[in-house]
Every structure is written in structure tokens, then in C-alpha cells.
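Trainee: In the numbering used here, the protein residues as written are 1059 to 1359.
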């Protein structure tokens, strides 16, 4: 009952929202994250006087959102995007895809939370890209090929590929040591073969082909499917299905690749030819399907 009264009070104070940094963390046990204090059952930013933990008159990052409402008060983010609806906006979240307390924990101190860190006990990782598609436009820095193959709405990107013409959405963030992840839902299948989706790094500028971790028809593959006939590694799986959600992860260490998804019992591994590693972009790839991309995360190591 006390919790309900507190929530009502926060609503009246116009500060109770999943996007506000410090009005959503309750602390019935008295414990709060570092930098917060427990005040009447709610964690608030230590040292601030506003109703929600910040000063209402201040906007120290200059993004037009007052500090007491800003889920990243030190990093400009006018849209207040918050993919996992936790205490931090995407641009300052140690792991923007996990709302679990341990997901944001950062024992190696490199700024990447456990649930996003490929090497959570080894420092040196950094988030090169996170895109949760909060705005209904082509994200800054992204290249959509073809432009007509991509739309953005309702917090997602939608890729449409008819026949064997792929739709690629990529950013200039390829790195020799990195992990790329994406959550992709297949909405519709086109035709009867060569239907697939996944993530790729690097992606070549001229061919728009890349080192892929993807499912195509009934196989998971590490492949450059548009320019090289045979995959570098593959395993038979259940067929790709409309309505099914996948979360692909491709980790790269120079020419060594590791592809995984929850469906796979073990990761696919392959060493690819150096001649296929000339691209500078990383992103998502769909062919002969309509697919929804909820988010994409790239972590450099």
C-alpha cells in the first residue's frame, strides 16, 4: 500500500516515468546504485534537490531536458530513448539491452555492462554503436541499401527484400576485434529458397556482401553469401519461420569468426580469407524476407 501511495505521489509530482533516470528505482531494502541515495523508498541522485533527484532549473548537457527529468543528464539525448526501460537512457547505459541489475554491473570498469560485455572480466571494451530505432527516420550515420528497402517506425527498423535482392543496414564501425548483436523477427518469407537474415562485419562497400552470421532456409552459416558460393561454416537447424525471433551474435578476432544464437547448441566458428575482410561497415542483412529489427549493438574489444 505504501508503494502504491509513493507511485501516486510521484505521478502527481509529474516525475514518475520509466524514462526518468531516478524516479523508477525503488529501494525498499535501503540499497541503491552507486551515486544514488534512498529517500522515502526511491533512489535519487545524490546531492540534487529537485523532486526527481535533479535540479529543475538545470540542463547541464544542453539537450532541452531538465536535469530532474533527464535519463542521461550528462549526455545529450533529447529523445530520451531507453530501449530496456531501466534507469539510464540508451546513450549513457552500460548495457542498453538489459534491465537486470547485474546486466549493468561493470566489474572490469571499462564502461560496458556485464550483459553487453563479450569479456566481462577483461577491461578494454567499448560500445561502438547502439541503435534502438527510437526515432522514425534513418539513424544518423547509417546507410540503407536500397533506401526503399527500409522503413522506421514504432521503435524498430523494418527491412524488406524481394527475391534475391538483399536489404542491408550498416554503419562505418567495422573493427578487427568486435562483437555485433541484433534482435531480429521474421515477419514474412518470400519465395521458397535463399530466405534469411542476420548480422555482418565487415560489410564491403561495393558488393554490400559481408561476413555473415545468419540463418538461411534451414542452416545457420558463417558466410559471404553474395560473392562466395560455399559457407565457411554451417550447421543444419530447424527452418526459418515467419513470426520467429532471433538474436544473432557475431564475434570477430581478426579473421576468426564465431556465430551464435540461442537456437544453436554451440557456436559456429570459422577462419575466413583475408581477401573478404576489406569492408569498413557493420550491420544487419535480410534477403527474401520481411524482418523487424528491434536493436543492434556493436562492442569493440
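Just so it is clear, CB atoms sit at the ideal spot from N, CA and C, and this is done for glycine as well.
Which residues bound the beta strand (DSSP E) around residue 1348?
Mentor: For the purposes of this step, residue 1348 is taken as the residue at position 290 of the chain shown. Its beta strand (DSSP E) spans residues 1347-1358.
Trainee: What are the complete beta strand (DSSP E) segments, minimum 3 residues, inside the segment 1263-1351?
Mentor: Runs of the beta strand (DSSP E) inside the segment 1263-1351: 1268-1274, 1277-1281, 1291-1294, 1303-1311, 1314-1318, 1326-1329, 1339-1345.
Trainee: Which residues share a DSSP beta bridge with residue 1210?
Mentor: The residue labelled residue 1210 in the question sits at position 152 within the chain shown. DSSP output for residue 1210 lists 1215 as bridge partner(s).
Trainee: Are the segment 1304-1322 and the segment 1181-1189 touching by the rule of at least three beta carbon pairs closer than 8 Å?
Mentor: These segments do not touch.
Trainee: By how many angstroms is the C-alpha of residue 1327 removed from the C-alpha of residue 1278?
Mentor: Position 220 of the chain shown, counted from the first residue, corresponds to residue 1278. Position 269 of the chain shown, counted from the first residue, corresponds to residue 1327. Whole-angstrom Cα-Cα distance: 11 Å.
Trainee: To the nearest angstrom, report how far apart residue 1116 and residue 1217 are at their CA atoms.
Mentor: Mapped onto the chain shown, residue 1116 falls at position 58. Mapped onto the chain shown, residue 1217 falls at position 159. Whole-angstrom Cα-Cα distance: 40 Å.
Trainee: Taking 8 Å as the threshold, find out whether the segment 1222-1230 comes into contact with the segment 1292-1302 through three or more Cβ pairs.
Mentor: In short, these stretches do not touch, since the Cβ pair count stays below three.
Trainee: I'd like the list of long-range same chain contacts for residue 1215, defined as Cβ closer than 7 Å, with 5 residues on each side in sequence excluded.
Mentor: In the chain shown, residue 1215 corresponds to position 157, counting from 1. Closer than 7 Å at Cβ, skipping near neighbours: 1191, 1208, 1227, 1351.
Trainee: Looking at C-alpha atoms only, which residue of 1281, 1249, 1320 is the closest neighbour of residue 1222?
Mentor: In the chain shown, counting from the first residue as 1, residue 1222 sits at position 164. Closest by alpha carbon: 1249.
Trainee: What whole-angstrom Cβ distance do residue 1275 and residue 1256 have, given they're in contact under 8 Å?
Mentor: Against the chain shown, residue 1275 aligns to sequence position 217. Against the chain shown, residue 1256 aligns to sequence position 198. That pair is no contact at about 12 Å.
Trainee: Would you say the segment 1257-1266 touches the segment 1320-1340, given that touching needs at least three Cβ pairs under 8 Å?
Mentor: The segment 1257-1266, when compared against the segment 1320-1340, does touch it at the 8 Å Cβ threshold.
Trainee: For residue 1149, I'd like the list of residues in its chain whose CB is within less than 6 Å of its CB, leaving aside the five on either flank, ordered along the chain.
Mentor: Position 91 of the chain shown, counted from the start, is the residue given in the question as residue 1149. Hits under 6 Å: 1130, 1133, 1135.
Trainee: Tell me whether residue 1081 is buried or exposed, calling it buried when 16 or more other Cβ atoms sit within 10 Å of its Cβ.
Mentor: Stepping through the chain shown from its first residue, residue 1081 is reached at position 23. Unreliable positioning characterises residue 1081 in this predicted model, as indicated by a pLDDT of 46, which lies under 50. A coordinate reading is not provided.
Trainee: Which two residues bound the contiguous alpha helix (DSSP H) that contains residue 1245?
Mentor: Locating residue 1245 in the chain shown gives position 187, where the first residue counts as 1. Premise fails: residue 1245 lies in the beta strand (DSSP E), 1235-1247, not in any alpha helix (DSSP H).
Trainee: Looking only at C-alpha atoms, which of 1184, 1182, 1252, 1213 sits nearest to residue 1196?
Mentor: As a working note, residue 1196 is residue 138 in the chain shown. Ranking 1184, 1182, 1252, 1213 by Cα distance to residue 1196 puts 1213 first.
Trainee: For residue 1138 and residue 1171, I'd like the C-alpha separation in whole angstroms.
Mentor: Against the chain shown, residue 1138 aligns to sequence position 80. Against the chain shown, residue 1171 aligns to sequence position 113. Computed Cα separation, rounded: 20 Å.
Trainee: Going by the DSSP bridge assignment, what does residue 1227 pair with across the sheet?
Mentor: Position 169 of the chain shown, counting from 1, holds the residue named residue 1227. Paired residues: 1202, 1342.
Trainee: As a quick exercise: from 1286, 1167, 1287, 1325, pick the residue whose alpha carbon is nearest that of residue 1305.
Mentor: The residue you call residue 1305 lines up with position 247 of the chain shown. Nearest C-alpha to residue 1305: 1325.
Trainee: What are the residues that DSSP puts in a beta bridge with residue 1187?
Mentor: To locate residue 1187, count along the chain shown from 1; it is residue 129. According to DSSP, residue 1187 bridges with 1356.
Trainee: Suppose you measure from the CA of residue 1107 to the CA of residue 1124; what does that come to, to the nearest Å?
Mentor: Translated into the one-based positions of the chain shown, residue 1107 becomes position 49. Translated into the one-based positions of the chain shown, residue 1124 becomes position 66. Below a pLDDT of 50, predicted positions are generally treated as unreliable, and residue 1107, at 42, falls in that range; no measurement from the model is reported.
Trainee: Between which two residues does the alpha helix (DSSP H) holding residue 1159 run?
Mentor: Here the question's residue 1159 lines up with position 101 in the chain shown. Its alpha helix (DSSP H) spans residues 1159-1162.
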